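To keep things clear, I will list the structure first and then write my remarks on it.
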Amino acid sequence: MHARKRILVTGGAGFLGSFLCERLLSEGNDVLCVDNYYTGSRETVLHLLDDPHFEMLRHDITQPLYVECDEIYNLACPASPVHYQFDPVQTLRTSVHGAINLLGLAKRTKAKIFQASTSEVYGDPAVHPQTEDYRGSVNPIGPRACYDEGKRCAETLFFDYHRRHGIDIRVARIFNTYGPRMHPNDGRVVSNFIVQALRDEPITVFGDGRQTRSFCYVDDLIEGFVRLMGAPDGTTGPINLGNPAEFEVVELAELVVEMTGSASRIVHKPLPIDDPTRRRPDISKARNELGWQPTVPLREGLEKTIAYFERRLSGRAEHLDD
Ligand code: NAD
Ligand code: UDP
Ligand code: UDP
Numbered sequence: 001m002h003a004r005k006r007i008l009v010t011g012g013a014g015f016l017g018s019f020l021c022e023r024l025l026s027e028g029n030d031v032l033c034v035d036n037y038y039t040g041s042r043e044t045v046l047h048l049l050d051d052p053h054f055e056m057l058r059h060d061i062t063q064p065l066y067v068e069c070d071e072i073y074n075l076a077c078p079a080s081p082v083h084y085q086f087d088p089v090q091t092l093r094t095s096v097h098g099a100i101n102l103l104g105l106a107k108r109t110k111a112k113i114f115q116a117s118t119s120e121v122y123g124d125p126a127v128h129p130q131t132e133d134y135r136g137s138v139n140p141i142g143p144r145a146c147y148d149e150g151k152r153c154a155e156t157l158f159f160d161y162h163r164r165h166g167i168d169i170r171v172a173r174i175f176n177t178y179g180p181r182m183h184p185n186d187g188r189v190v191s192n193f194i195v196q197a198l199r200d201e202p203i204t205v206f207g208d209g210r211q212t213r214s215f216c217y218v219d220d221l222i223e224g225f226v227r228l229m230g231a232p233d234g235t236t237g238p239i240n241l242g243n244p245a246e247f248e249v250v251e252l253a254e255l256v257v258e259m260t261g262s263a264s265r266i267v268h269k270p271l272p273i274d275d276p277t278r279r280r281p282d283i284s285k286a287r288n289e290l291g292w293q294p295t296v297p298l299r300e301g302l303e304k305t306i307a308y309f310e311r312r313l314s315g316r317a318e319h320l321d322d
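Under the UniProt record's numbering, think of the first position of the sequence shown as 1, with each following residue one higher.
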């Protein structure tokens with residue numbers, strides 16, 4: 001019989017975290033969601049609050065946490081450049097002190113622990129597409145460094161705890177992911193463009209828009225998380241999780257305008273400092289080790305995301321989940 005696991009999800013009230021909590025509950029687990037609501041909100045998990053197997057705790061992971069659990073998914077950290085640059089020291093503290101506390105918790109409870117790392121560890125990459133053995137090109141003193149270097153340091157801590165204390169770690173390097181339940185003010189490109197298009201406001205393309213990103217739909221990503229956590233002992237990662245279909249930012253803008261039938265025009269704004277020029281995951285490792293690959297093409301994922309924002313902006317969504 002399937003034993004009910006007690007799973008801790010930090011950052012569980014954020015965009016990805018809320019989908020992960022839902023998925024873990026649907027598989028018959030007890031879920032403890034920990035979040036300080038820095039960028040997340042109770043609304044993303046409102047529909048789970050009646051579930052007796054779901055528990056919500058307001059807590060900042062930079063502080064020690066003493067709970068009992070079998071598995072930990074560490075997702076706590078603001079992910080949008082606007083939000084992670086708002087208080088850069090807090091961002092670093094969350095990645096670094098947060099990782100130490102959760103690894104300490106994993107050590108004491110012997111829990112398996114997953115880290116939501118990022119394609120940003122590759123910085124503005126000289127290798128394309130990015131493979132896991134590429135060590136990256138991060139500017140350590142730029143405005144993105146609080147996020148990039150924090151996540152790099154967290155990876156270091158995960159591997160040190162693994163080598164020194166035998167902790168069972170799973171490190172995923174996540175590439176740009178989008179979907180319903182993103183906050184309208186999240187600030188990342190997909191939600192910005194959709195919200196601007198639905199309001200017939202100018203679409204803000206930074207720079208000439210020729211920089212590329214590879215966009216993964218949230219359901220695909222969550223499947224990758226669960227497969228990585230369930231993979232055989234020793235599957236530590238780091239492992240790229242993302243959709244290898246690469247698009248220019250301006251192509252995304254045009255697609256969103258077309259799909260929403262918006263009257264919006266594209267306007268160009270300055271390119272932020274250190275904005276990576278291209279990004280695309282090599283997912284051979286995820287294919288081989290996890291049998292995983294994305295299944296939702298950009299157009300299909302955008303349809304669902306646009307439908308969500310239409311409901312939300314028209315005030316028709318009673319819960320974020322509707
Ligand atoms: P999000 O901002 O929606 O979620 C982050 C959550 O962490 C929020 O609920 C926030 O309140 C919480 N949080 C922040 N600091 C905290 C702290 N000190 N203590 C407790 N909770 C805290 O972002 P998301 O897109 O859901 O990202 C989740 C994780 O995945 C992050 O670690 C992010 O770095 C990583 N990631 C996401 C993407 C992506 O494209 N979505 C890409 C790469 C990595
Ligand atoms: N920690 C925690 N919860 C636990 C166990 C540890 O938050 O259940 C924190 C603890 O505060 C410590 C950190 O994790 O600062 C690292 O723990 P570890 O055991 O590795 O280090 P030590 O306590 O020896 O400094
Ligand atoms: N971007 C843009 N307009 C926006 C927001 C972002 O052109 O309103 C660009 C940004 O410069 C970057 C890409 O879209 O090149 C992805 O940005 P995002 O903040 O979503 O994530 P990143 O991958 O940079 O962390």
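Beta carbons: idealized from backbone N, C-alpha and C, even for Gly.
In this text the structure is predicted, and so the values were computed from the model without any measurement.
{"Item": "Tyr178 versus Glu201 - alpha carbon distance", "Value": "21 Å"}
{"Item": "Sheet register partners of Gly123 (DSSP bridge)", "Value": "Ser137"}
{"Item": "Exposed unless 16 or more other CB atoms sit within 10 angstroms - verdict on Ile306", "Value": "buried"}
{"Item": "Where the beta strand (DSSP E) containing Lys269 begins and where it ends", "Value": "Ile266 to Lys269"}
{"Item": "Buried or exposed (CB count within 10 angstroms, at least 16 for buried), Leu298", "Value": "buried"}
{"Item": "Distance CB(Trp292)-CB(Gly234) smaller than 8 Å", "Value": "no"}
{"Item": "Cβ contact (3+ pairs, closer than 8 Å) linking the segment 262–277 and the segment 203–223", "Value": "yes"}
{"Item": "Proximity test, Asn36 beta-carbon vs ligand 2 heavy atom, cut-off 7 Å", "Value": "no"}
{"Item": "Thr39 beta carbon near ligand 1 (any heavy atom closer than 7 Å)", "Value": "yes"}
{"Item": "Lys107 Cβ short of 7 Å to ligand 4 heavy atom set", "Value": "With respect to ligand 4, the structure offers nothing, as its ligand set consists of ligand 1, ligand 2 and ligand 3."}
{"Item": "Inter-stretch contact at 8 Å, needing at least 3 Cβ pairs: the segment 45–64 / the segment 109–116", "Value": "no"}
{"Item": "Beta-carbon proximity check, Ala253 vs Val190, cutoff 8 Å", "Value": "no"}
{"Item": "Collapsed DSSP secondary structure at Ile194 in the structure displayed", "Value": "helix"}
{"Item": "Simplified DSSP assignment, three categories, for Cys33", "Value": "strand"}
{"Item": "Residues that Ile56 bridges to, as DSSP identifies them", "Value": "With the sequence shown as reference, residue 56 is identified as Met, and Ile is not the correct amino acid for it. Met56 is bridged to Cys33."}
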